[in-house]
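Residue numbers (this note's numbering): 152 to 456.
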Amino acid sequence: MDSTVSKKVTMISYIISITFIIAMITASVMLKDHEIILPEVAAMAIAMWVYREAGWIRQPSKIFLAPSITAVIGFAVNQLHISYLGKVSLTLILLMLFLRIIQSNLGPSIATGLLPVVTNANEWSFIISVFIFTFILMLGVLKFGLNKGLEKKVKIQYKYMLVFLVLIFVWMGLCWLAGYPLAVIPPILVVVYESLQKPMYNGKMAFKQGLVLTISATVGTLLYFAIDSWILATLLDMILMLILLRIVGIRVPAVYAFPLLPFVFPDHIVAMLPLGSLITCVFLFTSVLAYKKMEMKRSRKVMQM
152 MDSTVSKKVT
162 MISYIISITF
172 IIAMITASVM
182 LKDHEIILPE
192 VAAMAIAMWV
202 YREAGWIRQP
212 SKIFLAPSIT
222 AVIGFAVNQL
232 HISYLGKVSL
242 TLILLMLFLR
252 IIQSNLGPSI
262 ATGLLPVVTN
272 ANEWSFIISV
282 FIFTFILMLG
292 VLKFGLNKGL
302 EKKVKIQYKY
312 MLVFLVLIFV
322 WMGLCWLAGY
332 PLAVIPPILV
342 VVYESLQKPM
352 YNGKMAFKQG
362 LVLTISATVG
372 TLLYFAIDSW
382 ILATLLDMIL
392 MLILLRIVGI
402 RVPAVYAFPL
412 LPFVFPDHIV
422 AMLPLGSLIT
432 CVFLFTSVLA
442 YKKMEMKRSR
452 KVMQM
């Protein structure tokens, strides 16, 4: 009986979340403003309302506060007259400082902070959209008590913020030297950040993460160019992502964000997303795996002393 109820609740949660995501796309189409589309909101809806990810919902107020403030930070930095890499670097540093100050580990805040820089957002509709959609996400968590029974505060390993910055800066430097334009893909960076926080991380997990993210980017790109209706394309994207994650047997909320990137990226960048995602995933997840293995070896040596 409990299993049946659980499946029913999960199904309803998926329907509500996907409807919410499609409503965002519909608003964008009706208002003819692509800056309303926030890919990370799709990931947040699934993670919070369906998966009930403890790390994302234990402090409901920060569901609204953290992404909203980081979006303002990214939007403000994007107005500066400095190079693209300079904007991204400054934004990343400010995001980590902000998350440290408010003692939050909410990964999606990184994506909402980087999005205005990556997409060169200049309209206030972007900020208003972040405020509205994250507020609705917070209300959903509070209304249905999804955070009940969770500890409000847990120990956060802030050292990983520094490791994350170093890793991303190295990657950005390599991309700059190679003349590679897709150095920063927000959904991938969120997964990298959260993977560093995991106490246990292995090659199988890294492979699955890279696989589903690359497939997600490919499917999203193909449907974007094949279907004129953004609403229909989004519906198909969400259904296919659900099937993909069920087949691979892993939960990666960012997979739901990826298919929405083509709606906010220039077409010439969209065409590069599948291969770009593969290259980025291989480098970053291999690096995370290498770091976590080194960390485990170091901890074993300390325990043996």
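Quick reminder that beta carbons are idealized off the backbone N, C-alpha and C, glycines included.
- For V343, the closest C-alpha among the options L374, G264, L440 is that of L440.
- If you ignore the 5 residues before and after K238, its C-beta comes within less than 8 Å of the C-beta of V228, N229, L231, V268, all in its own chain and listed in chain order.
- Within its own chain, the residues whose Cβ lies closer than 6 Å to the Cβ of S219, once the five positions on either side in sequence are excluded, are V281, F282, T285, listed in chain order.
- Counting only the Cα atoms, F414 lies some 12 Å from K183.
- Taking C-alpha positions only, A178 is separated from L246 by approximately 28 Å.
- Contact check between the region 417-432 and the region 361-375: three or more CB pairs, one atom from each, fall below 8 Å, which counts as touching.
- Distances from the CA of V180 to each of W381, R451, P410 were compared; the closest alpha carbon is that of W381.
- Rounded to whole angstroms, P338 and E191 show a C-alpha spacing of 7 Å.
- Fully contained in the region 256-303 is no beta strand (DSSP E) run of length 3 or more.
- In the pairwise beta carbon analysis, the region 354-368 is classified as not touching the region 204-217: fewer than three pairs are separated by under 8 Å.
- Here A198 has E204, W207, P404 as same chain residues with Cβ atoms under 7 Å from its own Cβ, once five neighbours each way along the sequence are excluded.
- With fewer than 16 other CB atoms across the displayed protein chains lying within 10 angstroms of its CB, R451 is exposed.
- Contact check between the region 346-354 and the region 373-391: fewer than three CB pairs, one atom from each, fall below 8 Å, which does not count as touching.
- Under a 10 Å Cβ-count criterion, L248 is classified as exposed, with fewer than 16 other Cβ atoms of the shown protein chains found around its own Cβ.
- DSSP places S234 in the coil class of the three-state scheme, outside both helix and strand.
- Boundaries of the alpha helix (DSSP H) harbouring W322: 310-329, taken from the DSSP string.
- Of the residues assessed, N256 falls on the buried side of the cut-off, its CB having 16 or more other CB atoms within 10 angstroms.
- Taking 8 Å as the upper bound for CB-CB distance, V341 and P259 are in contact here, some 6 Å apart.
- Counting every other CB atom within 10 Å of its CB across the protein chains shown gives R402 a total below 16, marking it as exposed.
- By the 16-neighbour rule on beta-carbons within 10 angstroms, K443 is buried.
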